[in-house]
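Peer 1: Residue numbers (this note's numbering), protein chains in the order written: chain V, -3 to 460; chain A, 1345 to 1497. Just so you know, even glycine gets a beta-carbon here, dropped at the ideal spot from N, CA and C.
(1) Have a look at residue 1361(A) and residue 344(V) and give me their C-alpha separation to the nearest angstrom.
(2) Taking the beta strand (DSSP E) that residue 315(V) falls in, what are its first and last residues?
(3) I believe residue 144(V) touches residue 435(V) by the beta-carbon criterion, under 8 Å. Please report the beta-carbon distance rounded to the nearest angstrom.
(4) Using 8 Å as the threshold, is the C-beta distance between residue 307(V) and residue 198(V) below it?
(5) Show which residues of chain A have a CB atom less than 7 Å away from the CB atom of residue 367(V).
(6) Since residue 51(V) is in the alpha helix (DSSP H), which residue starts that stretch and which ends it?
(7) Going by C-alpha to C-alpha distance, which of 50(V), 133(V), 40(V) and 437(V) sits closest to residue 261(V)?
(8) Under a three-way DSSP split, which group does residue 238(V) fall into?
(9) Is residue 135(V) closer than 8 Å to residue 411(V) when the C-beta atoms are compared?
(10) For residue 1413(A) and residue 1422(A), which I take to be in contact (beta-carbon distance under 8 Å), what is that distance rounded to the nearest angstrom?
(11) Does the distance from the C-beta atom of residue 39(V) to that of residue 419(V) stay below 8 Å?
(12) Could you tell me which of 110(V), 108(V) and 70(V) sits nearest to residue 97(V), measuring between CA atoms?
(13) By how many angstroms is the C-alpha of residue 288(V) removed from the C-alpha of residue 323(V)?
(14) What's the C-alpha gap between residue 210(V) and residue 218(V)?
(15) What residue range does the beta strand (DSSP E) around residue 121(V) cover?
(16) Please report the distance separating the alpha-carbon of residue 227(V) from that of residue 212(V).
(17) Of the residues that make up the stretch 1460 to 1473 of chain A, which ones have a beta carbon closer than 8 Å to any beta carbon in chain V?
(18) According to the neighbour-count rule (16 or more other Cβ atoms, all chains shown, within 10 Å of its Cβ), is residue 333(V) buried or exposed?
(19) Under 8 Å, do residue 432(V) and residue 147(V) count as touching if we go by C-beta distance?
(20) Just the chain V side, please: which residues come within less than 7 Å of residue 1418(A) by C-beta, in chain order?
(21) In this structure, what does DSSP give as the bridge partners for residue 174(V)?
(22) Sort out for me which residues DSSP pairs residue 1356(A) with in a bridge.
(23) So, for residue 460(V): in the same chain, excluding its five sequence neighbours on each side, which residues have a beta-carbon less than 8 Å away from its beta-carbon?
(24) Should residue 354(V) be flagged as near chain A, meaning a C-beta pair shorter than 8 Å?
(25) Quick one: any contact between the stretch 46 to 54 of chain V and the stretch 74 to 89 of chain V, if contact means 3 or more CB pairs under 8 Å?
(26) When you compare only the Cα positions, how much space is there between residue 346(V) and residue 175(V)?
(27) Given that a residue counts as buried once 16 or more other Cβ atoms are within 10 Å of its Cβ, and exposed if not, what is residue 272(V)?
(28) Between residue 1376(A) and residue 1435(A), which are expected to be in contact by the criterion C-beta below 8 Å, what is the C-beta distance as a whole number of angstroms?
(29) How many angstroms separate the CA atom of residue 1393(A) from the CA atom of residue 367(V)?
(30) Please work out which residues of its chain come closer than 7 Å, Cβ to Cβ, to residue 1459(A), disregarding the five sequence neighbours upstream and downstream, and give them in chain order.
(31) Quick check: the stretch 1440 to 1456 of chain A against the stretch 1470 to 1486 of chain A, are there 3 or more CB pairs under 8 Å?
(32) Using a 10 Å radius around the Cβ and a threshold of 16 neighbouring Cβ atoms, would you call residue 85(V) buried or exposed?
(33) Suppose you measure from the CA of residue 397(V) to the CA of residue 353(V); what does that come to, to the nearest Å?
(34) For residue 241(V), count the other beta carbons within 10 Å of its own beta carbon; 16 or more makes it buried, fewer makes it exposed. Which is it?
(35) When the cut-off is 8 Å and only beta carbons count, does residue 1374(A) lie next to chain V?
(36) So, helix, strand or coil for residue 330(V), using DSSP?
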């Protein structure tokens, strides 16, 4: 009998060890996600999710990466979504109880600390107020509500109950956005005097959402929960009775950044738009708005456009322009850049302090060096600009990078901020009061489109 | 009856001599400085920089082609010295026929490396130089102001 290559290690041992290693390999992605009881202790928060649709799943996946969170219940009127949420959570060691009606969930789930609301906009106010009144802190998706009155009711209820209310404008917790506002704009004043801003979200044509034929909700169920039919239930974003249209769905994120970065609310808005492409929708499919923001230095005019028929024109970003520099921000780092005007003081000191970086790739970066090439030497006094411009053109802007990136799911820091606020470790990055101002800023655009004129804001429009 | 310059043997000799001298100066300077810049990094010229640059070149070519590292490394390590030597020979006019031929072959070798990594721009530039070396060799019999001239047959 031949001697085994590893004495004492039999074929049975090999198969057993191999099976264990294989199982560990397959389970690794799940093990790497946060376990609901990881660490244990008193700071584990019991959470419920109301709304397991598209946005609910995004939030679930982000929340599953956060330790010390235990999902106790999920709720959705559509069994198809509800089962998905339940199964996803069970896969990661949670044991959520499923509910169709949120009232039942709130009444039957003891020990809840927080509720995440990710239902269609027209239900935000009702679900949030009910959860707050039940004694839970609430994280509610944006837009806060499809009506300003609905948003006001949420703020009032949060105040009355003393519970926390965070609204899902997640850019406010993105470390790159925080760095840009706190360090680049406010501390280093790299933009100089901010004079203008623009923002856009250009998205290509999308088909209406469908549903498996055998999964359709009954007419009675749909009517019970306020929906006209299954098509409107699946495509609620495009109908006026459920949502605020594209300016709310997409624009709200970026118009919120206008308010947040500039630190003031606008005084006027002028807008145009229409339902020119999707004739089966209620809401406008393209909107262009101009706001006036009364900052300390001057009136800052901000243009915003949202197009749902083209992704051309640079995707989605917010662009703040000053007399010494400009900041182009986006959740997608590839659209992010900082530009220095030729008249501005040199920025090298901010590189040394780690505030900004010389571009390593993309715009403004030196041409890539091939693996066999020697890095090109720059002779002292050599011109930094290689292009010749017309005498009427301003000198070319130099491009710089922001050396702060988010290495998590984009909603995760905002959820972490919410959970840490509940534990008393920090304060909310987007409390209800602040999001109410954003909701008022956003929803007035639809009124301006309908009125075909410039509308003004009064200070009380932004408050309860 | 006037005589055209092209039929004047003396004028003809001057034009060819000037043409070759221009080529010799250009190719000599280009070759010498191409060798010198191999020693540079960060504005400093050292032997350490030379071997770092050449190792990078060799591993880059090998990494992107079928050429083995021993071949690219040997070629790269001798390249800078050869360019300096051949550049000096051409500039000083020492055995121009031989030095131009050898330098032209060196440029063909460089082009071969770039062909292996499909670097079209570099190949095109080297092709221009090889054409200039060929032109210089056609005119080499008009070599003047040389330290050690070839024997003209």
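Peer 2: This is what the structure gives:
(1) Your numbering for residue 1361(A) matches position 17 in the second chain. Your numbering for residue 344(V) matches position 348 in the first chain. Distance between the alpha carbons of residue 1361(A) and residue 344(V): 54 Å.
(2) On the first chain, position 319 is the one that residue 315(V) refers to. Here the beta strand (DSSP E) through residue 315(V) covers 312 to 318.
(3) Stepping through the first chain from its first residue, residue 144(V) is reached at position 148. Stepping through the first chain from its first residue, residue 435(V) is reached at position 439. Right, the Cβ-Cβ distance comes to about 6 Å (below 8 Å), so this counts as a contact.
(4) The residue given as residue 307(V) occupies position 311 in the first chain. The residue given as residue 198(V) occupies position 202 in the first chain. The answer is yes: Cβ separation under 8 Å.
(5) As a first step, residue 367(V) must be located in the first chain, where it is residue number 371. Within 7 Å Cβ-Cβ: 1404, 1407 and 1408.
(6) Reading the first chain from its first residue, position 55 is the one you call residue 51(V). Taken as a continuous stretch (DSSP letters only), the alpha helix (DSSP H) holding residue 51(V) covers 50 to 59.
(7) Along the first chain, one-based indexing puts residue 261(V) at 265. The shortest Cα separation from residue 261(V) among 50(V), 133(V), 40(V) and 437(V) belongs to 437(V).
(8) The count along the first chain starts at 1 and reaches residue 238(V) at position 242. When DSSP states are grouped into helix, strand and coil, residue 238(V) belongs to the coil group.
(9) Here residue 411(V) refers to the residue found at position 415 when the first chain is read from its first residue. Here residue 135(V) refers to the residue found at position 139 when the first chain is read from its first residue. Their beta carbons are under 8 Å apart, which means residue 411(V) touches residue 135(V) by this criterion.
(10) Numbered from 1 along the second chain, position 69 holds the residue referred to as residue 1413(A). Numbered from 1 along the second chain, position 78 holds the residue referred to as residue 1422(A). The pair is not a contact, with the Cβ atoms about 15 Å apart (cut-off 8 Å).
(11) For this step, residue 39(V) is matched to residue 43 along the first chain. For this step, residue 419(V) is matched to residue 423 along the first chain. In this structure, residue 419(V) lies closer than 8 Å to residue 39(V) by Cβ.
(12) Taking the first chain and counting its residues from 1, the one referred to as residue 97(V) is at position 101. Nearest option by C-alpha distance: 70(V).
(13) Position 327 of the first chain holds residue 323(V). Position 292 of the first chain holds residue 288(V). Computed Cα separation, rounded: 19 Å.
(14) As a working note, residue 210(V) is residue 214 in the first chain. As a working note, residue 218(V) is residue 222 in the first chain. Taking the straight line joining both Cα atoms gives about 15 Å.
(15) In the first chain, residue 121(V) corresponds to position 125, counting from 1. In the DSSP assignment, residue 121(V) falls outside any beta strand (DSSP E) and within the unbroken alpha helix (DSSP H) covering 117 to 129.
(16) What you label residue 227(V) is simply residue 231 of the first chain in a count that begins at 1. What you label residue 212(V) is simply residue 216 of the first chain in a count that begins at 1. So the alpha carbons of these two residues sit roughly 10 Å apart.
(17) 1461 and 1463
(18) Taking the first chain and counting its residues from 1, one reaches residue 333(V) at position 337. Looking at its Cβ environment, which holds 16 or more other Cβ atoms inside 10 Å, residue 333(V) is buried.
(19) Counting from 1 along the first chain, the entry for residue 432(V) is found at position 436. Counting from 1 along the first chain, the entry for residue 147(V) is found at position 151. A contact, by the Cβ cut-off of 8 Å.
(20) Mapped onto the second chain, residue 1418(A) falls at position 74. Simply none; closest approach about 15 Å.
(21) Counted from its first residue, the first chain places residue 174(V) at position 178. The partner list for residue 174(V) (beta bridge, DSSP) is empty, contrary to what the question assumes.
(22) Within the second chain, the letter at position 12 stands for residue 1356(A). Paired residues: none, contrary to the question.
(23) Position 464 of the first chain, counting from 1, holds the residue named residue 460(V). 148, 151, 152, 155, 429 and 432, listed in sequence order.
(24) The residue you call residue 354(V) lines up with position 358 of the first chain. Chain A, which has no Cβ nearer than 8 Å to the Cβ of residue 354(V), makes this no.
(25) The stretch 46 to 54 of chain V makes contact with the stretch 74 to 89 of chain V, as at least three CB pairs between them are under 8 Å.
(26) By 1-based counting over the first chain, the position of residue 346(V) is 350. By 1-based counting over the first chain, the position of residue 175(V) is 179. If you take the alpha carbons of residue 346(V) and residue 175(V), they lie about 13 Å apart.
(27) For the purposes of this step, residue 272(V) is identified with residue 276 of the first chain, where counting begins at 1. It is exposed - the Cβ of residue 272(V) has fewer than 16 other Cβ atoms within 10 Å.
(28) In the second chain, counting from the first residue as 1, residue 1376(A) sits at position 32. In the second chain, counting from the first residue as 1, residue 1435(A) sits at position 91. Indeed they touch by this definition, with Cβ atoms about 6 Å apart.
(29) Here residue 1393(A) corresponds to residue number 49 of the second chain, with the count starting at 1. Here residue 367(V) corresponds to residue number 371 of the first chain, with the count starting at 1. Rounded to whole angstroms, residue 1393(A) to residue 367(V) spans 16 Å at the Cα level.
(30) Counted from its first residue, the second chain places residue 1459(A) at position 115. Cβ neighbours of residue 1459(A) beyond the five flanking positions: 1467.
(31) yes
(32) Residue 85(V) sits at position 89 when you count from the first residue of the first chain. Per the 10 Å Cβ criterion, buried.
(33) Stepping through the first chain from its first residue, residue 397(V) is reached at position 401. Stepping through the first chain from its first residue, residue 353(V) is reached at position 357. In this structure, the straight-line span from the alpha carbon of residue 397(V) to that of residue 353(V) is close to 5 Å.
(34) For the purposes of this step, residue 241(V) is taken as residue 245 along the first chain, with counting starting at 1. By the 10 Å Cβ count, residue 241(V) comes out buried.
(35) Sequence index remark: in the second chain, residue 1374(A) carries index 30 (1-based). So, not an interface residue.
(36) Taking the first chain and counting its residues from 1, one reaches residue 330(V) at position 334. Reduced to three states, the DSSP call for residue 330(V) is helix.
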